[in-house]
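Colleague: Respectively, the protein sequence lines represent chains A and B. Here the first sequence stands for residues 1 to 246, where the numbers follow our numbering. Here the second sequence stands for residues 1001 to 1246, where the numbers follow our numbering. Below: one structure in structure tokens.
Number of protein chains: 2
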Amino acid sequence: MLSTIKIVLVETTHPGNIGAVARAMKNMKMHNLWLVAPKTFPSADATSRASGADDVLAGATVCATLQEAVADCQLVIGTSARGRTISWPEITPRECAEKVLINEPGNTVAIVFGRESSGLKNHELDLCHFLLRIPCNSEYSSLNIAAAVQVVCYELFVASGLAPQEEILVGDKGEEPLATAAQMESFYIHMAEALTDIGFMHPAKSKSIMRRLRRIYNRVQLDTKELDILRGILRMSQGHKRNNDD
Amino acid sequence: MLSTIKIVLVETTHPGNIGAVARAMKNMKMHNLWLVAPKTFPSADATSRASGADDVLAGATVCATLQEAVADCQLVIGTSARGRTISWPEITPRECAEKVLINEPGNTVAIVFGRESSGLKNHELDLCHFLLRIPCNSEYSSLNIAAAVQVVCYELFVASGLAPQEEILVGDKGEEPLATAAQMESFYIHMAEALTDIGFMHPAKSKSIMRRLRRIYNRVQLDTKELDILRGILRMSQGHKRNNDD
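Written out as structure tokens, the structure is:
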């Protein structure tokens, strides 16, 4: 189960950090590394700091945007050192591990780490269901990225020993699978369209409204059946408005 | 309490690691760093990797032997990646944190990290009361020394109960209150109306659809501001555009 969890690094600047992340992952039996637009990769610095985890580096997937990296994921967890104005639902590394491995197993999961200097941008946080915050010194809260990955993967590894066996999991999951990030994206595009059609949204205000709506629907973690229902409602609301206008 | 715990590094080879350890410690509110016969210290590499934790480096005590470093300690915990022939009593980082801060507080404590390549020697282990082992991949078990310090200090910080939950809570408390059950009921009534108006819902099927929708919106725990937005959308979809000038 651990090996399927994606660790996603967004625009990492120092290749040494990428290597140190690979090592931290492999120490905790994790292998699924994604790099979004890394500044330098591959690199001798990365390989040297990986120190025997070069298989993780070699198997890393490089892509251009976070959206690509999380397209097939049902649970996307962003990491952040600082508080945000629109507060996301926040979890600790331990809660994250329990959620991913014990309480809601079976999802395709990405845990996303931002730039060394500036973390994740708002449009990247929009893709996340939860914000993971590592408990730390409030006066000196910026962990090195590999140190942060180490703590998160360590908690996952510890929790994996407590995770129920697979047979139990299969039994639990009689329900619909959760929607993937890509399915949620087309839902949001459809929603923006529909809200414009019914005259709810002024283009000028759409950004902050859409961010609030994303916050609601990311938080609720829709399954595919529920998503179908909501899209059906969007379609009908568009048709209704058109008919009224005609 | 955290600030009195000594982190002791024995014969560290790479000064960059010393800097990274200082950063990992300060992130977790720890400051008491001891260096036993470091190969190179002070060093520009250490300062650069410390990244703002130079106060921890500046305050570090350098000494010649582990014996000196732990002379005043009542509880000495060595760290090790591999099993030993003469087995020491072993503890995990979490057990270590509980022992040090909760079960047996008030001791002068040292946690000792060995050489990058070869760990602690037997005569150094002789000075330790417990051996701390970080749970990890048995096939790739050697953590970077700063990563190991990060995990151990993180567990200490969590156990210390100093985790700055306050800030997060204050942030959350500043927000809108959650919607009451009564507010949610009138939302569902409004929703049923709107879904009928736009032709989405056949009265015969409304019960099961509304049950599914309730399941979604109850799960998400809307706050009152979010509820306002969703009700605004319902109103607009009905085509009952309200005008303040009316």
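All C-beta atoms, glycine included, are put in the ideal place defined by N, C-alpha and C.
1. Along chain A, which residues have their Cβ under 8 Å away from the Cβ of residue 1208 of chain B?
2. Threshold first: 3 residues or longer. Then list the beta strand (DSSP E) segments lying entirely within the stretch 1027–1078 of chain B, N to C.
3. If I follow the unbroken beta strand (DSSP E) through residue 1111 of chain B, where does it start and stop?
4. Quick one: residues in its chain with C-beta nearer than 6 Å to the C-beta of residue 1088 of chain B, no 5 flanking neighbours on either side, listed in chain order?
5. Can you pull the chain B neighbours of residue 146 of chain A, defined as C-beta to C-beta under 8 Å?
6. Give the residues of chain B in contact with residue 233 of chain A, contact being defined as C-beta atoms less than 8 Å apart.
7. Taking C-alpha atoms, which residue in A:185, A:106, A:5, A:229 lies nearest to residue 1215 of chain B?
8. List, in order along the chain, the chain A residues whose C-beta lies closer than 9 Å to that of residue 996 of chain B?
9. Since I believe residue 1010 of chain B is in contact with residue 1113 of chain B (beta carbons under 8 Å), could you give me their beta-carbon distance rounded to a whole number of angstroms?
10. Check residue 167 of chain A in the structure and name its three-state DSSP category.
11. Taking the CB atoms as reference points, tell me whether residue 42 of chain A and residue 57 of chain A lie closer together than 8 Å.
12. By the 10 Å Cβ neighbour count, where 16 or more other Cβ atoms means buried, how is residue 1079 of chain B classified, buried or exposed?
13. Against chain B, which members of the stretch 208–222 of chain A pass a CB distance test of less than 9 Å?
14. At the level of alpha carbons, what is the spacing between residue 213 of chain A and residue 177 of chain A?
15. So what does DSSP say about residue 186 of chain A, is it helix, strand or coil?
16. Using the Cβ count rule (16 or more neighbours within 10 Å means buried), how would you classify residue 162 of chain A?
17. Is there a Cβ of chain A sitting closer than 8 Å to that of residue 1023 of chain B, yes or no?
18. Quick one: what's residue 16 of chain A bridged to in DSSP?
19. Are the stretch 1091–1099 of chain B and the stretch 1132–1139 of chain B in contact at 8 Å, needing three or more beta carbon pairs?
20. Which residue marks the beginning of the alpha helix (DSSP H) containing residue 156 of chain A, and which one marks its end?
21. Would you say residue 166 of chain A faces chain B, with C-beta separation under 8 Å as the test?
22. Based on DSSP bridge pairs, tell me the residues matched to residue 229 of chain A.
23. Going along chain A, which residues have a C-beta under 7 Å from residue 1136 of chain B?
Modeller: Let me spell this out:
1. Within chain A, no residue comes near residue 1208 of chain B; the closest Cβ sits about 10 Å away, beyond 8 Å.
2. Segments of the beta strand (DSSP E) lying fully in the stretch 1027–1078 of chain B: 1032–1036, 1061–1063.
3. Taken as a continuous stretch (DSSP letters only), the beta strand (DSSP E) holding residue 1111 of chain B covers 1109–1113.
4. Here the set comprises 1131.
5. For residue 146 of chain A, the chain B residues whose Cβ falls inside 8 Å of its Cβ are 1144, 1147, in order along the chain.
6. Neighbours of residue 233 of chain A on chain B, chain order: 1195, 1198, 1200.
7. The option with the nearest alpha carbon to residue 1215 of chain B is A:229.
8. Outside the displayed span of chain B (1001 to 1246) sits residue 996 of chain B, for which this structure offers no information.
9. Residue 1010 of chain B and residue 1113 of chain B do touch by the CB rule: their CB atoms are close to 7 Å apart, below 8 Å.
10. Note on residue 167 of chain A: pLDDT 39, under 50, position unreliable in the model; no value is reported.
11. Their beta carbons are under 8 Å apart, which means residue 42 of chain A touches residue 57 of chain A by this criterion.
12. With at least 16 other beta carbons inside 10 angstroms of its own, residue 1079 of chain B counts as buried.
13. Residues passing the 9 Å Cβ filter: 209, 212, 213, 215, 216, 217, 219, 220, 221, 222.
14. So the two alpha carbons sit approximately 22 Å from each other.
15. It is helical.
16. Exposed, because fewer than 16 other Cβ atoms sit within 10 Å of the Cβ of residue 162 of chain A.
17. Yes, because at least one Cβ of chain A sits closer than 8 Å to the Cβ of residue 1023 of chain B.
18. BP columns for residue 16 of chain A are empty, so no partner.
19. Using a C-beta cut-off of 8 Å, the stretch 1091–1099 of chain B makes contact with the stretch 1132–1139 of chain B, since at least three inter-stretch Cβ pairs fall below that distance.
20. Its alpha helix (DSSP H) spans residues 145–160.
21. Caution is warranted here: a pLDDT of 44 is assigned to residue 166 of chain A, below 50, making its placement in the model unreliable, and no coordinate value can be reported.
22. According to DSSP, which records beta bridges pairwise, residue 229 of chain A is partnered with nothing at all.
23. The answer, in chain order, is 27, 28, 157.
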